[in-house]
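The block underneath contains the structure these notes are about, expressed in structure tokens.
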Amino acid sequence: IWSSEPYNLSLEAAGLVECAKEPERHWELLDKKVQGILTCTVPPWHRSKSLQTVRSAVAIITRLPQSSLRLSSNLWSTFNTSDSHYLHEPGRPSIPSNGEAPTSSWEKHKVVSMVDSNTILLALVTAHLNQTSHRLMGTQMTDYMKILSILLDEITAFEASLMTTLSGDLDISTHLHSCQVARAFVWTAWQRSLQISSYYFFGTRLRRECNIEDWYPHPPQPYEDLPFSVVGNLLKTEEQADQACRYMCRHSFDLVRLSSFSTQDFRTLILCYNNQFCNRNPRCYQEDSEWVHCKPSAPFCPRCAQSAPEDQSAHDKDCARSCQRIPWHRDSYLSTPAPRSVDLSLHQSRATLQYRRATDQTLAISHVWSHGQGGRPEEGFNKCLHNRYSALAVHFGCDSYWIDAACIPSDKNLRSEAIKTINPIFKHSKVTLICDRDIMSIDAQDLSPEKCETLVSVLLLSDWNTRAWTLLEAIRGNRAIHLLCKDNNPVALRDILSLLYNQGSITLCALLIGSPHLLPMSEMDYNVGLERAGVMLSRRFTSNEGDAIIIWSLLCGNDMAETKPERFWKARLRTRISTGFLMSTCERVNGVPGLSWAPATPIANPLAAIAHAKDTNTKLVSNPRVYWPHDSTTTVTATLLQAQHKNFKTPLFLHSSWYVYIVQPQDLKKHSTIPNSCWERAQQVLSLGEYKKVIFLRPSIPDTLLANSGFQFMPLQHLDYGEGSPVAVCATKDDREKFDVSRLATELTQEWELSGEEWEWKGVYAVSPNDSIDINAFEVMNLRIV
Numbered sequence: 003i004w005s006s007e008p009y010n011l012s013l014e015a016a017g018l019v020e021c022a023k024e025p026e027r028h029w030e031l032l033d034k035k036v037q038g039i040l041t042c043t044v045p046p047w048h049r050s051k052s053l054q055t056v057r058s059a060v061a062i063i064t065r066l067p068q069s070s071l072r073l074s075s076n077l078w079s080t081f082n083t084s085d086s087h088y089l090h091e092p093g094r095p096s097i098p099s100n101g102e103a104p105t106s107s108w109e110k111h112k113v114v115s116m117v118d119s120n121t122i123l124l125a126l127v128t129a130h131l132n133q134t135s136h137r138l139m140g141t142q143m144t145d146y147m148k149i150l151s152i153l154l155d156e157i158t159a160f161e162a163s164l165m166t167t168l169s170g171d172l173d174i175s176t177h178l179h180s181c182q183v184a185r186a187f188v189w190t191a192w193q194r195s196l197q198i199s200s201y202y203f204f205g206t207r208l209r210r211e212c213n214i215e216d217w218y219p220h221p222p223q224p225y226e227d228l229p230f231s232v233v234g235n236l237l238k239t240e241e242q243a244d245q246a247c248r249y250m251c252r253h254s255f256d257l258v259r260l261s262s263f264s265t266q267d268f269r270t271l272i273l274c275y276n277n278q279f280c281n282r283n284p285r286c287y288q289e290d291s292e293w294v295h296c297k298p299s300a301p302f303c304p305r306c307a308q309s310a311p312e313d314q315s316a317h318d319k320d321c322a323r324s325c326q327r328i329p330w331h332r333d334s335y336l337s338t339p340a341p342r343s344v345d346l347s348l349h350q351s352r353a354t355l356q357y358r359r360a361t362d363q364t365l366a367i368s369h370v371w372s373h374g375q376g377g378r379p380e381e382g383f384n385k386c387l388h389n390r391y392s393a394l395a396v397h398f399g400c401d402s403y404w405i406d407a408a409c410i411p412s413d414k415n416l417r418s419e420a421i422k423t424i425n426p427i428f429k430h431s432k433v434t435l436i437c438d439r440d441i442m443s444i445d446a447q448d449l450s451p452e453k454c455e456t457l458v459s460v461l462l463l464s465d466w467n468t469r470a471w472t473l474l475e476a477i478r479g480n481r482a483i484h485l486l487c488k489d490n491n492p493v494a495l496r497d498i499l500s501l502l503y504n505q506g507s508i509t510l511c512a513l514l515i516g517s518p519h520l521l522p523m524s525e526m527d528y529n530v531g532l533e534r535a536g537v538m539l540s541r542r543f544t545s546n547e548g549d550a551i552i553i554w555s556l557l558c559g560n561d562m563a564e565t566k567p568e569r570f571w572k573a574r575l576r577t578r579i580s581t582g583f584l585m586s587t588c589e590r591v592n593g594v595p596g597l598s599w600a601p602a603t604p605i606a607n608p609l610a611a612i613a614h615a616k617d618t619n620t621k622l623v624s625n626p627r628v629y630w631p632h633d634s635t636t637t638v639t640a641t642l643l644q645a646q647h648k649n650f651k652t653p654l655f656l657h658s659s660w661y662v663y664i665v666q667p668q669d670l671k672k673h674s675t676i677p678n679s680c681w682e683r684a685q686q687v688l689s690l691g692e693y694k695k696v697i698f699l700r701p702s703i704p705d706t707l708l709a710n711s712g713f714q715f716m717p718l719q720h721l722d723y724g725e726g727s728p729v730a731v732c733a734t735k736d737d738r739e740k741f742d743v744s745r746l747a748t749e750l751t752q753e754w755e756l757s758g759e760e761w762e763w764k765g766v767y768a769v770s771p772n773d774s775i776d777i778n779a780f781e782v783m784n785l786r787i788v
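Note that the working numbering has the sequence shown beginning at 3, numbered continuously upward.
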């Protein structure tokens, strides 16, 4: 189906700019040139059900946004609005506007509103494959988007390169305009390719069926999801969160934004949310006695750091709020073998909760304590809630229900035992019911495409979606998730997603790819990979300190619910770990030899950074730079090993190759006073007196197209505009110039390993100024990090 050829992308970028200089033919020339990057042979008419394929492709295209996401104004400031040749004409191939007038001169231009040929090809092939999994499709889509991303950066570089050689206002103006038109065309093609590709992957994960021709002679058993990753670009867009209503928590929005692949279009998400909650007041925190939403620039929402509210007295919708609280029947709980659930009937002589063993006939309830349904079984919870969940259990044909407020006691040993049963309870439950206050305000009796868009938007931005425990519950109970809507009406999430796929917003489908816990999963997804689980947890919070490592271990398939970070990592000897995943500001395991590099928690909590600064007498900044974990599939892996040689000081170590920069004394003279930078950290470490050398690390990249130390291994939406990727600061107490290879005679020793057999991890920091290290000064070297 696909073929793509290697290109000199610098020349291609210059050629695109030349195409943009011809007003009358600029769009056709740009389209033809970009079309050459991607060729597609549509299957013969008699094999492809072509009429239906065309209809489906048209339906896909018409559900895309009318115009691409607006770039930052300085990237299109010279758009020509006086020459009608650059403006969109009625009757040309563009996406229907639904009667909406363009809101700015951006939307009026052909290059951002007309439909390019490659977008049509992508839509045709997506329609032809009809949600079946095709390996080559996934690879070529990713490569195509990668080339477009590089082209965008090359156009920007070409724009800057000629500014110093051009003379005269007219020449400069023409050059800038041509560059901006070419960039807008490629940007629009890239955005739409990202949306259609994400839509295709979303569809395959709903249907979970292989394309027979692609997987001939036998499809894999069990079914495997196609891998999907996107290389971003350096372009900055207008701040989309500025359009959100005051009720929207900016941290919730950031969670969705950073979970997505590269720069996504959130306009539909925000519009649906605004339509539902535009009249509600902010709820994040109080400032001068007035409630406000959290700041987009802040690394977390104050609500996330708060303990669960003391008021856990929520009632059902029709309750007069005077019903009694029902405590547990302790003897019934203790006499019931784990895993336990609540029986639908109460104790006959006393109004207390009865228990029975949880089975595949149990209704599992997933909620957040901040909405008032929490508590402990000793204290009990409101009778109206017991009646609600009992009635819902009967509705689903269940004989019991599980909710943490009734099934996880306060006693340390009983709590530990109950937590170890969460995985099997949700995995085997008949239904997992999501209860969130905002979702429960939506009337979903008549499920229309518009209603599905609202439900998905509110779900993605809900409090439920920001918590770590509910993430675990959604993944384990993924098989049959329902949303509890207005009037206690449960709606199957799968039905919502299917209607959204067939008739709803393409951009919302694309956003859901970044939330795999909401999509159907296979048995292979039950034990989420180490890095993937860590990334999913990284911006989600828990009420109890220490719960994050428990949830991480449960997500990775350890039903023992590990509570000690050092035991979590020691259980992973010879496990491969993405080096890119380690480039975060998460707290590290403290005081355990060999694990200075190991995250003690997947949550990059800014409060921990502040506490660390105080403990180490580090100069405190008002907003410490936070780097969140990311699932960096483009970087090489490291292996956790345990050496048997007696001369190793620290038998446990992490072994891998890295891009390494050796810090020189003259570097520190220039830059060590820059606050919160890698240079300041290097100076602090050396000033302790026990360390002899400091190095900076960046993950190395195996991809030959991307392999250089300047490649942005970190997703660009994790970085500030214009910011380069950070470095890990490591130090050694060994000042030998060379390895004594005979002393370290193991199969792991390599002659090109850096001097200093044991390097300690000292944190991840920004390179400031951004150009203070020449990327060519990094060398690929093998390291042992302890």
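Yeah, the Cβ is synthetic: ideal placement off N, Cα and C, and Gly gets one too.
Predicted model, so just to flag it, every value in this text is computed and none were measured.
How many angstroms separate the CA atom of residue i from the CA atom of residue j?
| i | j | result |
| --- | --- | --- |
| Thr675 | Arg65 | 52 Å |
| Leu271 | Leu237 | 21 Å |
| Phe279 | Met147 | 35 Å |
| Ile703 | Phe583 | 13 Å |
| Lys23 | Gln182 | 11 Å |
| Ile579 | Ala768 | 22 Å |
| Pro222 | Gly377 | 45 Å |
| His519 | Arg327 | 33 Å |
| Thr338 | Leu485 | 29 Å |
| Cys558 | Pro426 | 13 Å |
| Cys42 | Ser175 | 37 Å |
| Cys732 | Tyr661 | 12 Å |
| Ile551 | Ile441 | 29 Å |
| Ser69 | Asp173 | 29 Å |
| Ala482 | Asn132 | 23 Å |
Could you give the residue range of the beta strand (DSSP E) that holds residue i?
| i | result |
| --- | --- |
| Ile436 | 433-437 |
| Glu762 | 762-767 |
| Arg359 | 355-359 |
| Met783 | 781-787 |
| Ser580 | 578-580 |
What first and last residue would you give for the alpha helix (DSSP H) that runs through residue i?
| i | result |
| --- | --- |
| Leu123 | 119-131 |
| Asn10 | First-last for Asn10: undefined, no H or E at that position. |
| Lys414 | 414-421 |
| Arg569 | 567-572 |
| Ile508 | 508-514 |
| Ile1 | Beyond the ends of the chain as shown, which are 3 and 788, falls residue 1; an answer cannot be given. |
| Arg57 | 52-64 |
| Val687 | 680-689 |
| Glu30 | 28-37 |
| Phe230 | Here Phe230 belongs to no alpha helix (DSSP H), and DSSP marks it neither H nor E. |
| Trp554 | 549-557 |
| Phe428 | 424-430 |
| Lys110 | Careful: Lys110 lies outside any alpha helix (DSSP H) and carries neither H nor E. |
| Pro1 | Residue 1 cannot be examined here, being either before or after the span of the chain that is shown, 3 to 788. |
Within 9 Å (strictly less), CB to CB, does residue i reach chain B?
| i | result |
| --- | --- |
| Cys558 | The structure shown has no chain B; it contains just one protein chain. |
Could you tell me which residues DSSP pairs with residue i in its beta bridges?
| i | result |
| --- | --- |
| Lys695 | Thr734 |
| Thr364 | Ser402 |
| Phe543 | Arg469 |
| Asn389 | Asn389 pairs with nothing; no bridge assigned. |
| Glu211 | Thr134 |
Check whether the stretch 158-166 touches the stretch 461-481, taking contact to mean three or more Cβ pairs, one atom from each stretch, closer than 8 Å. no
Ignoring anything shorter than 3 residues or poking outside the stretch 633-663, list the beta strand (DSSP E) runs there in chain order. 639-644
For a minimum of 4 consecutive residues, which ranges assigned as the alpha helix (DSSP H) are wholly contained in the stretch 457-502? 470-478
Would you check if the stretch 445-453 and the stretch 399-415 touch, i.e. whether three or more CB-CB distances between them fall below 8 Å? no
Report the residue ranges of all alpha helix (DSSP H) runs contained in full by the stretch 260-345; include only those spanning at least 4 residues, in chain order. 269-279, 332-337
Are there three or more Cβ pairs, one per stretch, closer than 8 Å when the stretch 486-500 is compared with the stretch 182-191? no
Decide if the stretch 405-422 is in contact with the stretch 367-383; the criterion is three or more beta carbon pairs, one per stretch, under 8 Å apart. yes
For the structure I just gave you, are there three or more beta carbon pairs, one from the stretch 539-556 and one from the stretch 281-298, closer than 8 Å? no
At a cut of 8 Å, does the stretch 54-65 reach the stretch 104-116 through at least three beta carbon pairs? no
Whether or not the stretch 340-348 and the stretch 432-440 are in contact is what I'm after, with contact meaning three or more pairs of Cβ atoms, one per stretch, closer than 8 Å; do they touch? no
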